[in-house]
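What follows is a short report on a single structure.
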Amino acid sequence: MAKHETPLLDQLESGPWPSFVTDIKRQAEKKPECWDILGILELSFKERITHWKHGGIVGVFGYGGGIVGRYADVPERFPGVEHFHTIRVAQPSSKYYTSKNLRQLMNLWEKHGSGMTNFHGSTGDVILLGTRTENLEPFFWDLTHEMGQDLGGSGSNLRTPACCLGTSRCEWACYDTQEACHSLTMHYQDEIHRPAFPYKFKFKFSGCPNDCVAAIARSDVAVIGTWKDDIRIDQAAVKGYMANEFPANGGAFIGREWDAFDIQKEVIDLCPTNCMWMEDGELKIDDAECTRCMHCINVMPRALRPGAQGGASICVGAKAPILDGAQFATLILPFIPVTKDNDFEELIEFIESIWDWWMEIGKNRERVGETMQRVGLPTFLRAVGVEALPQHVKYPRENPYVFWNEEEVEGGFERDVQEFRARHAA
Amino acid sequence: MAKHETPLLDQLESGPWPSFVTDIKRQAEKKPECWDILGILELSFKERITHWKHGGIVGVFGYGGGIVGRYADVPERFPGVEHFHTIRVAQPSSKYYTSKNLRQLMNLWEKHGSGMTNFHGSTGDVILLGTRTENLEPFFWDLTHEMGQDLGGSGSNLRTPACCLGTSRCEWACYDTQEACHSLTMHYQDEIHRPAFPYKFKFKFSGCPNDCVAAIARSDVAVIGTWKDDIRIDQAAVKGYMANEFPANGGAFIGREWDAFDIQKEVIDLCPTNCMWMEDGELKIDDAECTRCMHCINVMPRALRPGAQGGASICVGAKAPILDGAQFATLILPFIPVTKDNDFEELIEFIESIWDWWMEIGKNRERVGETMQRVGLPTFLRAVGVEALPQHVKYPRENPYVFWNEEEVEGGFERDVQEFRARHAA
Amino acid sequence: MGYNPDKPMDGRLSDLGPPHYEQFFPQVIRENKGKWLWHEILQAGVLMHKSETGAEVYTVRVGSARLISIEHVRELCDIADAHCDGHLRFTTRNNVEFMVDAKEKVQPLLDDLASRGNKFPVGGTGAGVTNIVHTQGWAHCHTPATDASGVVKAVMDELFEYFTSQVLPAQCRIALACCLNMCGAVHASDIAILGVHRKPPMIDHTRISGVCELPLAISSCPLGAVKPAKAVVNGKEIKTVKVNVERCMFCGNCYTMCPAMPLADPDGDGIAILVGGKVSNSRQAPKFSKLVIPFLPNNTPRWPEVVNAIKGILEAYAAGANKYERLGEWAERIGWEKFFEVCEIPFTDKSIDDYRLAYDSWRTTTQFKYTSHTASYTK
Amino acid sequence: MGYNPDKPMDGRLSDLGPPHYEQFFPQVIRENKGKWLWHEILQAGVLMHKSETGAEVYTVRVGSARLISIEHVRELCDIADAHCDGHLRFTTRNNVEFMVDAKEKVQPLLDDLASRGNKFPVGGTGAGVTNIVHTQGWAHCHTPATDASGVVKAVMDELFEYFTSQVLPAQCRIALACCLNMCGAVHASDIAILGVHRKPPMIDHTRISGVCELPLAISSCPLGAVKPAKAVVNGKEIKTVKVNVERCMFCGNCYTMCPAMPLADPDGDGIAILVGGKVSNSRQAPKFSKLVIPFLPNNTPRWPEVVNAIKGILEAYAAGANKYERLGEWAERIGWEKFFEVCEIPFTDKSIDDYRLAYDSWRTTTQFKYTSHTASYTK
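Protein chains in written order, with the numbering used here: chain A, -7 to 418; chain B, -7 to 418; chain C, 88 to 466; chain D, 88 to 466.
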């Protein structure tokens, strides 16, 4: 039975979308502290302000992350949520589960926590929402011993890497995002659990330029699948699309009556590089002009596929706005192989070249993208040993302010002003 | 006979383009100081460095601009150019002249100066190149008394305004650029001659968005013609272009064999807003979607003309790179009438609202565009009394960092932290 | 056995990492990984992937509140056990996916889901609105300027038909972040719902030296608006900070660094709407979201102003955009001045950037369209 | 009478302004101002404008070195007197225009011009190269990093056929500025020739306090690289400045403010090439020029490296661009990586912006073309 009146929240029980209020009430029948979740949230709805306060440092021994401390600022009214710490549990690549595994985790959380969760957090972890400080070590013991699982990251460390579902169920993935994500996550357990960086650092792995995990918007190192050969064309399927035998865009428009599919308007004219045309009833692509944007492939998945020689473009430095404004990640390596065959050697080498540099010169709470902006892209490229490419920029420099190094200029910088004055009277 | 050996410069006497070397030599026969111009320039060609030094302040009494001081740093070798000051003579609107006027000016320059000129300087003035300090006042006396003409501007003042040839010989001018330029130049003689600004300030007047005087790239206030009604269409002439009776783009391509004119490819498909189409053999324009870029009018000048209701868009703040990087001028007033009928009242009022503000808060040697950047565009708009418009930006703000004023926020900024703590335990 | 607080290091396991993904694969996934040829959406929320082996996998996508209970997860497990040999997965946008290996298994699964009330809506595919990525809000976070789950519920109730259908010109990604820290890619969403503060921090002089390092608080401000100061507390002069409110843009970073500088406020806080962002590289490069409505109030429990604003934008987009055109592509094609006009959103100077790279957004051309906004100039 | 140095204010006239333009109009211009209907270029350098009155004006456009003598101006006047009732005008790009009111007057004018050697080349219209807007260079200026008239002569000799014909895809505007002060719109030109310094200023300690205010010298540096310092001059310690050469980007603004900080140098100075700018609002908005070649030496008297670079770019553009496409529009359409490839210009990190708004130029998408530059990645 409800412990608090929640007239405002109760209004969120109606409507067609699943109601978290109804769900919390259901859970509260078994876990009475959930009534206090509803109570404190109702108070926020009434007062239009949060009632959680700064967390302070809580965690499990030997780890510098994985737990986020949280306390109520009205604990006397809602003692069930006086402590309300979050536990981040590292998710498996692409978030496939068995019911057995999930039930086991839920049982642990019923024993040690509030009964509420997030599936999943923004970075990718399973979020177990709300427990007391004294429950942390026992939960961690059970998680590691009973399930063989582990916490994710938080703080100034490598955050839990995440990936799209990749080759497991997508025909477009240009490398095995799951294996890359899992391997690097295992390789960098120390960096995930023990903060040693200027600030947080994220990897995300997307299998193709559609970038379903938003790697280019959210990760310090975005590994985004691409290819180096030609788009594979099945001309019979092209004809099938032109004959309206297959739905455009993999059926994404089913449910609205659009005009019949028109390959010229919907594919060729929308190609950003204009590198496609029809010739003798066949679709032609000048792949040297293609920027692999995916549009044509998205529209005709039965007819077009990414090239067979897959790998990834590596972009660096994305972040949300705090402090200097949001950044997308910048293309740094146009193409590298990403393969378990050599234990992801190219990728690991590149990541560590960034870390070596950033750990030395990055300021406190400065994301690597901000450090890149502070020193300039040319300096960053030299620091990580990458030759400058026109592919690094949208367009060349629009100002004339070049920083020349002394060794690049004949005769160096040192000059004798007296000698100069002998030739040029003041 | 040549006073100095000029083997390097002599090599610039060959070739099809007019040779300034040959020309100086011709002049030197009458004005021997020109041999020293060649001599000092030859020295620079040999040593690959300039031999002119900082000018110091020279001028005519009562003016703070119009003369740029210049001295040779090797005067003993080239005494004819020991002093080599520049005089800027204000040019007539659009640079029409009579031979009578030019001959008179040349006679004055033969009497008082080196014999060399620039027609014209970058800002627009006639540049008389090279004279001695003691010649300045006599030249100015003769210029004003014999010719009724005057110096232009230099220094931290209003620089000599300039304009395209406007309605005098162009069918596209949307207002009378010459009259606007001349009237404002006369109106602001004091501002041109007596520096009172933080830094230089330029007006440029272009009759249409083709902007033949580069107003948007070079002037603090760019007055660029536009119209508010519809493009005028002569459908018969459209048909003439389609039948290849008239050359495309006013004959700009005569001399190369391009494919026959194709109105779809060359006009309709190149319209940046896609607001044109053919219907029943007629060219249609959805003028509400037109951004008046001029392309279609440029291509078919016999068929299309700017609307009949002309005026100007006012853009503010262009400058070259020093110091903060180059700026184009920013659209501030989308449309105003520009007409002598009310003595250019709207334009003058707007210009003076900028000056009132900039003279108060502009820093030393800060162009108004830099001041705008320093305070932000919203602050600038408030300062000059212009309501914010979506037309002021290419796209809305991409960060969430809004500066709210206290009066915009319910309850203001003042709060009692003790009251807050009573509701939110620390 | 279990955790022994007297001997915390005894038998401790650490750095195990996540479980290997492969053990969780449904059989059809395990057998066909890397062999998929093409896919098709059969109806909103139901996908089919075809393998070169001839195998097919049918996926049913189901919405979720993300903030879910143990009981809810167990119910998901029940469904997985009943239809999918105990397998399920979650998507990046917090949907749940159930996979079956034959077409005839789809309808029983859909029927089961439908029988469970509004808990498992099927949709979120193709040219529609999928689940709103969001943050914690008042349910869990200490810095929010609005709630998360409540706003999402209110918006998704109103946009529900767009979740269960595919009638938009392209997919529309909506995201919510309850403060400027933006946990989640709100900065690159078709429609972004962003919690914003509008009052500068209060300074709790009695506690500041106890809870934070003053130099960190001072350096936390990107605009240098936090300055060293002195105050008298209990008759004693102490070192503290002050805030130059003219330079404050309410980012809240000082509060993140220093608990003695709270800035949340019932009247000051609310929601800004940003639109036109995207992440995909398809056709055009990724784009940032643009701020088009600077503030709407926290009218609990259903944020009607926010819901109406989003619905209005979505409907204008649905009516005006070309097939395949993302919201930002549409706004750029028609021009942002037209966007404000057709969406009937008042333009304010808050939408004009005045931060670090602001100059790049100024309109440095005479190309513009006349709109309702310029009427006073052209009449 | 004339100027009397003993009584300088007696009879002084000032603020007369420029002469009124109308008095200089040829009759056909005076009669048809505001009445022009359309125009056509009849051949390179010859334009015809048609008035609604039926009148026509024929304009012959002639190149000029801009740096011209009294004698040359008088010769222009002779031509104007012989053919144009004593009228002529100059264009913004320093061409001279002679106007006649009937077609039959054109050929005699052209013949006269041709008879005068290479002084009056006819051209500069339409889809060609018109006169190079330029600055003073070593002929007159104290801050240049290169010459102006000499470079222009060398380049125009080589591009002469493009001045007298119209065989390019669109007009190509070339401009030269002899230092970063950029007198002239070099920052928005199809091809920009820019004098650049590459050595930091020397400090003339013996003169600095006599010729400039130290605070002005210090504040002149946009990057704060000029700092207060002390030096010993003739055994006496004096106040002066020093330059942090690591932060110097050779803009020369300190020398502009302080003559005791010269930076010109025979080896340090040279020319950078920027391309792709435009001013017109036609089709695309105005664009800034982009730096594609950071440095070429001052090889007098004909700057062969500069001339070859420009000719190479122009020819690649002429071969690759679509009709109407300005150089910058072409480079953007094919992608800047392709521009460097087809022009065979080595790409260097100098072309990557690292100044104030640099981030906006970083490539934040996976969209790129493979070129010769990426060969080591894809082999």
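Quick reminder that beta carbons are idealized off the backbone N, C-alpha and C, glycines included.
These numbers were taken from a predicted model, which means no experiment stands behind them.
Residues that DSSP places opposite residue i in a beta bridge
i	result
Lys196(A)	Ala154(A), Ala214(A)
Arg80(B)	Ile119(B)
Lys317(C)	Lys326(C)
Val385(B)	Trp449(C)
Thr146(C)	Leu134(C), Met186(C)
Thr331(B)	Thr331(B) pairs with nothing; no bridge assigned.
Val60(B)	Thr78(B)
Gly302(A)	Trp219(A)
Val283(C)	Gly357(C)
Span of the alpha helix (DSSP H) around residue i
i	result
Ser369(D)	Taken as a continuous stretch (DSSP letters only), Ser369(D) belongs to no alpha helix (DSSP H), as it is neither H nor E.
Ser345(A)	337 to 353
Glu158(D)	157 to 170
Ile421(C)	414 to 421
Asn372(B)	Rather than Asn, the amino acid found at residue 372(B) in this sequence is Phe. From DSSP, the alpha helix (DSSP H) with Phe372(B) extends over 369 to 375.
Span of the beta strand (DSSP E) around residue i
i	result
Tyr88(B)	88 to 90
Gly357(C)	357 to 362
Asn340(C)	No beta strand (DSSP E) contains Asn340(C), which is instead part of the alpha helix (DSSP H) from 340 to 344.
Ile400(C)	Here Ile400(C) belongs to no beta strand (DSSP E); instead the alpha helix (DSSP H) covers 391 to 407.
Met268(B)	268 to 271
Thr465(D)	Thr465(D) -> not in any beta strand (DSSP E); alpha helix (DSSP H) instead, spanning 462 to 465.
Ser41(B)	For clarity, residue 41(B) is Ile in the given sequence; the question names Ser instead. Looking at the DSSP string, Ile41(B) is not in any beta strand (DSSP E), and its letter there is neither H nor E.
C-alpha distance - residue i paired with residue j, whole-angstrom precision
i	j	result
Cys430(D)	Phe375(D)	19 Å
Asn266(A)	Cys166(A)	23 Å
Leu1(B)	Ala414(A)	24 Å
Tyr436(D)	Ser345(A)	The residue you asked about is not Tyr; residue 436(D) is Asp in the sequence shown. So the alpha carbons of these two residues sit roughly 19 Å apart.
Thr328(A)	Arg161(C)	Reading off the sequence shown, one finds Ile at residue 328(A), where the question assumed Thr. The straight-line gap from Cα to Cα measures roughly 42 Å.
Gly217(B)	Ala372(D)	15 Å
Pro313(B)	Asp441(C)	20 Å
Phe250(C)	Ala252(B)	51 Å
His384(B)	Ser114(B)	28 Å
Gly122(B)	Val332(D)	36 Å
Asp168(A)	Val230(A)	27 Å
Thr331(A)	Met135(C)	28 Å
Val366(D)	Ala262(D)	12 Å
Does the region 4 to 11 of chain B come close enough to the region 320 to 331 of chain D to have 3 or more Cβ pairs within less than 8 Å? The region 4 to 11 of chain B is not in contact with the region 320 to 331 of chain D.
For the region 239 to 250 of chain D against the region 238 to 247 of chain B, are there 3 or more C-beta pairs whose distance is under 8 Å? no
State whether the region 396 to 409 of chain A contacts the region 208 to 220 of chain D, with contact taken as three or more CB pairs (one from each stretch) at a distance under 8 Å. no
Examine the Cβ distances between the region 92 to 105 of chain D and the region 300 to 308 of chain B and report whether three or more of them are shorter than 8 Å. Below 8 Å, too few C-beta pairs join the region 92 to 105 of chain D and the region 300 to 308 of chain B to call them touching: fewer than three.
Using 8 Å as the cut-off, can you tell me whether the region 251 to 259 of chain D makes contact with the region 296 to 313 of chain D, which would need three or more C-beta pairs spanning the two stretches below that distance? no
Which runs of the beta strand (DSSP E), 3 residues or longer, sit entirely within the region 198 to 272 of chain C? Counting only runs of 3 or more, we get 261 to 264.
Touching or not, the region 61 to 69 of chain A and the region 37 to 52 of chain A, by the rule of three or more beta carbon pairs under 8 Å? yes
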